[in-house]
Amino acid sequence: MVILSIVTFLPLIGVALILLLNRGENESEDKIKWLALGTSIVTFVVSLIILGMFKTDVAGLQMVEKANWIPSWGIHYYLGVDGLSILFVLLTTFISVVSIAASWTAINQQIKQYYIFMLLMEVGMMGVFLAQDLFLFYVFWEFTLIPMYFLIGIWGGSERIYASIKFFLYTMAGSLLMLLAILYMGITNETFALPDLIVGRAAFAGVQNVLFLGFAIAFAIKVPVFPFHSWLPDAHTQAPTAGSIILAGVLLKMGTYGFMRFNLPLFPEASAYYAPFIAVLAIIGIIYGAIVSFPQKDVKKLVAYSSVSHLGFVMLGIFSLNSAGIQGAILQGVNHGLSTGALFFLVGVLYEQRHTREFSEYGGIWKAMPVFSVLSLIITLSSMGLPGLNGFVGEFTILLGSMGASSLGPNPWIYTAFATTGVILAAVYLLWMFQRVFMGPLDNPKNKALRDVNRRELAIMLAFLFFIIWIGVAPAGYFGLMDHSVAELVTSFGTAVAGH
């Protein structure tokens with residue numbers, strides 16, 4: 021089976037075709053866009069084929085591809101998919117299609133390079149979720165930095181250079197600690213293959229608290245967990261719309277995925293030891309992100325800080341260390357990608373017409389853009405966790421997990437109570453954002469000239485809303501995909517901690 025390699029490297033064919041187009045004339049710009057979009061759609065279709073081949077009753081890795089890469093060091097080209105990663109694979113291909121479609125009219129200069137970076141980004145993100153060898157994982161992990169660095173640095177806002185360098189340095193610094201931990205484990209066990217390392221984790225059990233921190237800091241910066249979050253508002257605010265969608269939709273999930281895929285199975289005792297501490301950081305993030313969202317004057321910055329808040333929930337779910345918490349965390353990762361990705365798209369639609377994101381410039385948009393406003397309301401409510409939409413399902417499952425989490429000491433309800441305040445605060449800042457932008461009198465003459473959504477924008481919003489409503493109404497199929505893998509993870513984790 022080479023289908024995982026195909027889904028990972030298919031975008032490179034698009035890159036090659038775009039590079040081969042002759043330069044200059046206008047029709048080649050349209051060709052570039054269509055090639056990029058076509059490539060991303062084909063990749064999405066391949067990911068649906070993977071979904072069709074995926075067996076929900078198997079806990080372990082499926083469609084595995086393994087080949088020697090650097091045999092003398094025990095490094096393999098090793099890909100596999102399971103219940104922890106299947107939803108992220110689908111999220112990646114979906115968000116890539118949407119992001120490329122969202123860039124259609126927003127990007128006017130250096131179009132060729134832009135779409136090449138977008139497709140390279142997809143290769144890196146795919147590899148992160150499928151790699152089962154730590155060395156290969158690290159290569160993909162670092163590779164994703166490069167296209168994002170250029171996407172922010174070339175096509176970003178006024179302070180784009182600062183934001184892109186800050187993004188790069190933060191993530192790179194954290195990753196170096198992870199690299200040391202990977203090297204240590206690879207050398208002690210003479211293999212970098214994740215399943216083999218999990219089986220042989222006794223070899224580094226003595227230093228697992230240190231190794232755990234190496235991985236945890238790298239992932240915490242990516243998520244970002246409070247206090248490592250300060251690169252995020254800058255990167256989000258300066259990035260072009262599609263860059264923000266990818267950043268929120270997929271890149272931040274690489275961090276939460278890393279905790280589930282590497283930290284929990286490799287360092288079970290350390291995970292249990294640090295769980296209360298990380299849960300406290302997660303709750304600080306939930307409340308801090310929400311409170312800092314209130315005074316923002318820029319719509320995009322508000323959405324960026326709301327990400328810090330929402331990802332606190334995901335981290336709380338993971339370190340509940342039980343099945344409900346981890347399943348909620350995976351689903352909430354997908355939900356955040358859909359809801360926040362959609363919110364960034366909304367801001368992009370307004371920005372493209374008005375070239376400002378200040379709250380003071382808006383108000384009464386509903387009268388000028390009724391269709392856009394109705395769809396925006398549903399998306400805002402989904403981000404808020406309204407029952408019947410996707411956010412509620414994830415948050416409810418996470419709170420269910422944290423309520424019964426023995427990992428959080430004798431009184432896990434205290435954590436849950438504090439986390440719940442985040443839901444209330446989210447309602448406050450999101451409704452306030454909606455009110456300031458869409459409600460009230462349409463005073464500003466510039467806003468009277470706004471056109472409502474065109475067909476492309478409508479299609480993108482409906483694509484987001486399709487999944488937002490589907491997960492909200494019928495999440496069972498989504499939980500079914502991850503059920504066995506999560507149960508297996510929790511069981512093996514429990515055995516390891518109990519046996520310690």
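Going by the working numbering, the first residue of the sequence shown is number 21, and it counts up by one from there.
Idealized CB from N, CA, C, for every residue including glycine.
Could you pull out every residue in the same chain whose Cβ sits closer than 6 Å to the Cβ of residue i, ignoring the five residues on either side in sequence?
i: asparagine 229; result: Ala290
i: alanine 344; result: Thr417, Leu420 and Gly421
i: isoleucine 120; result: Ala56, Leu57, Ser60 and Met138
i: valine 354; result: Leu107 and Leu111
i: tyrosine 169; result: Ser184 and Phe188
i: serine 313; result: Leu322, Tyr325, Ser326 and Tyr449
i: methionine 404; result: Ala446, Ala447 and Leu450
i: phenylalanine 282; result: Phe235
i: tyrosine 98; result: Lys86, Gln152, Asp153 and Ala213
Measure the C-alpha to C-alpha separation of residue i and residue j and round it to an integer number of angstroms.
i: isoleucine 398; j: leucine 406; result: 9 Å
i: methionine 389; j: leucine 57; result: 27 Å
i: valine 84; j: alanine 299; result: 34 Å
i: aspartate 153; j: threonine 436; result: 35 Å
i: valine 227; j: phenylalanine 513; result: 18 Å
i: leucine 451; j: valine 159; result: 41 Å
i: leucine 156; j: leucine 351; result: 26 Å
i: alanine 126; j: valine 473; result: 14 Å
i: threonine 400; j: glutamine 373; result: 20 Å
i: aspartate 463; j: leucine 233; result: 53 Å
i: serine 396; j: histidine 96; result: 46 Å
i: histidine 249; j: valine 448; result: 22 Å
i: glutamine 347; j: alanine 516; result: 20 Å
i: tryptophan 124; j: glutamate 49; result: 10 Å
i: glycine 361; j: glycine 408; result: 19 Å
i: valine 27; j: valine 118; result: 17 Å
i: leucine 482; j: glycine 100; result: 31 Å
i: proline 495; j: proline 288; result: 29 Å
i: lysine 468; j: leucine 485; result: 27 Å
i: histidine 356; j: valine 493; result: 16 Å
i: phenylalanine 499; j: phenylalanine 438; result: 26 Å
i: leucine 301; j: alanine 295; result: 10 Å
i: leucine 284; j: arginine 221; result: 12 Å
i: isoleucine 491; j: alanine 518; result: 35 Å
i: alanine 425; j: isoleucine 303; result: 15 Å
i: glycine 497; j: leucine 341; result: 22 Å
Quick test of your reading: residue i and residue j, contact by CB under 8 Å. State the CB separation rounded to the nearest angstrom.
i: glutamine 316; j: tyrosine 325; result: 7 Å
i: serine 402; j: isoleucine 266; result: In fact, because the Cβ distance is near 19 Å, the residues do not count as touching under 8 Å.
i: isoleucine 202; j: leucine 286; result: Wrong, their Cβ atoms sit about 10 Å apart, outside the cutoff.
i: valine 369; j: isoleucine 115; result: With 8 Å as the limit, valine 369 and isoleucine 115 do not qualify as a contact, their Cβ atoms being about 17 Å apart.
Excluding sequence positions up to five away, which residues of its chain have a Cβ less than 8 Å from the Cβ of residue i?
i: alanine 79; result: Asp102, Gly103, His504, Ser505, Ala507 and Glu508
i: proline 167; result: Phe137, Met138, Leu140, Met141 and Gly144
i: proline 461; result: Gly383 and Gly384
i: proline 459; result: A small fix is needed here, since residue 459 is methionine in this sequence, not proline. So the qualifying residues of the chain are Gly383, Gly384 and Trp386.
i: isoleucine 69; result: Ile23
i: methionine 280; result: Leu104, Ile338, Ile346, Ala349, Ile350 and Leu509
i: valine 391; result: Asp472, Val473 and Leu478
i: phenylalanine 364; result: His256, Thr261, Ser264, Ile265, Ala268, Lys320 and Val323
Please return the same chain residues whose Cβ sits closer than 7 Å to the Cβ of residue i, not counting the five positions on each side in sequence.
i: isoleucine 52; result: Ile38, Leu41, Ile131, Lys132 and Tyr135
i: lysine 75; result: Gln82
i: isoleucine 172; result: Arg180, Ala183, Ser184, Phe187, Ala255, Gln258, Ala259 and Gly263
i: leucine 197; result: Gly234, Ile237 and Ala238
i: leucine 252; result: Pro244, Ala324, Ser327 and Val328
i: valine 148; result: Phe157, Phe160, Trp161, Thr164 and Met274
i: valine 62; result: Leu30
i: glycine 367; result: According to the sequence as given, residue 367 is valine; it is not glycine. These residues qualify, in order along the chain: Val319, Lys320, Val323 and Arg377.
i: alanine 122; result: Thr261, Ala262, Ile265, Phe365, Gly368 and Ile480
i: leucine 214; result: Gln152, Asp153 and Leu154
i: leucine 231; result: Ala201, Tyr204, Met205, Phe224 and Phe287
Let's test the definition: count the other Cβ atoms within 10 Å of the Cβ of residue i and tell me whether it reaches 16, buried, or not, exposed.
i: aspartate 254; result: buried
i: glutamine 455; result: exposed
i: glycine 72; result: exposed
i: proline 247; result: exposed
i: histidine 375; result: exposed
i: serine 178; result: exposed
i: leucine 501; result: buried
i: asparagine 410; result: buried
i: isoleucine 444; result: exposed
i: glycine 332; result: buried
i: tryptophan 175; result: buried
i: phenylalanine 64; result: buried
i: threonine 191; result: buried
Original post:
Would you say the segment 26 to 41 touches the segment 139 to 146, given that touching needs at least three Cβ pairs under 8 Å?
Top reply: yes
Original post:
Between the segment 83 to 94 and the segment 320 to 338, do at least 3 Cβ pairs fall closer than 8 Å?
Top reply: no
Subject >> the segment 238 to 249 in contact with the segment 261 to 281 per 3-pair CB rule at 8 Å >> reply: yes
Original post:
Can we say the segment 421 to 435 touches the segment 377 to 391, given the rule of at least three CB pairs closer than 8 Å?
Top reply: no
Original post:
Is it true that the segment 205 to 216 meets the segment 170 to 186, where meeting means three or more beta-carbon pairs spaced less than 8 Å apart?
Top reply: no
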